[in-house]
C-alpha cells in the first residue's frame with residue numbers, strides 16, 4: 202500500500218510538474234491558472250491508478266471509471282489551488298533569479314497538487330490482481 206502511495210505521488214508530481222511547466226513556458230498565468238490545475242487533475246485522473254487504456258483493453262472493465270476520476274480530479278485540483286491561493290496565501294520563493302509567490306509558480310504548485318491527487322488515486326484504484334490479493338475480489 203505504501204509503495205502504491207509513493208508511486209502515485211511520483212506519477213502525479215511528474216504529470217503536475219509537466220503540465221505546470223508547459224503553462225509557465227507558454228506564459229499562462231492569472232485567470233488561466235484555474236484551467237491549468239483543472240488540466241492537472243484531469244490528466245492525473247486519466248493516467249494514475251488504473252490508466253484509461255487498461256480499461257479499454259479489459260473486456261470486463263469500463264472506461265467510465267477513468268472518466269469519473271478525471272472529472273473528479275478537475276474539481277479536486279482546482280479546489281486545492283483555491284485553498285492554496287485564497288486560504289493559505291503561500292510564501293515568496295526565488296526560482297531562476299525571479300521571486301514570486303509559490304502559488305504563481307505553476308510547475309511547483311502543479312507538482313504538489315498533482316502529487317497529492319495522484320497518491321490518493323493510486324492508493325484507491327489498485328489493479329484487480331492487487332485487490333484480489335488483499336481480499337476484496339476482482
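Numbering (the numbering used here), first residue to last: 202 to 339. All residues carry an ideal CB built from backbone N, CA and C; glycine is no exception.
- The DSSP-derived three-state label of residue 287 is helix.
- Distance from residue 245 to residue 268 at the Cβ level is roughly 13 Å; contact not present, criterion being Cβ atoms closer than 8 Å.
- In this structure, residue 320 and residue 250 do not form a Cβ contact; the two beta carbons are roughly 10 Å apart against a cut-off of 8 Å.
- Each of 316, 309, 305 was checked against the Cα of residue 286, and the nearest Cα belongs to 305.
- Annotation: the region 226-264 contains the following complete segments of the alpha helix (DSSP H) (minimum length 4 residues), in chain order: 233-248, 253-258.
- Looking from the CA of residue 291, the closest CA among 253, 297, 309, 322 belongs to 309.
- In this structure, DSSP gives residue 224 a helical state, which the three-state scheme calls helix.
- Beta-bridge partners of residue 295 (DSSP): 300.
- Counted as a single uninterrupted DSSP element, the alpha helix (DSSP H) harbouring residue 321 occupies residues 307-325.
- Taking 8 Å as the cut-off, the beta carbon of residue 294 is found no closer than this to the beta carbon of residue 288.
- Of the residues assessed, residue 297 falls on the exposed side of the cut-off, its CB having fewer than 16 other CB atoms within 10 angstroms.
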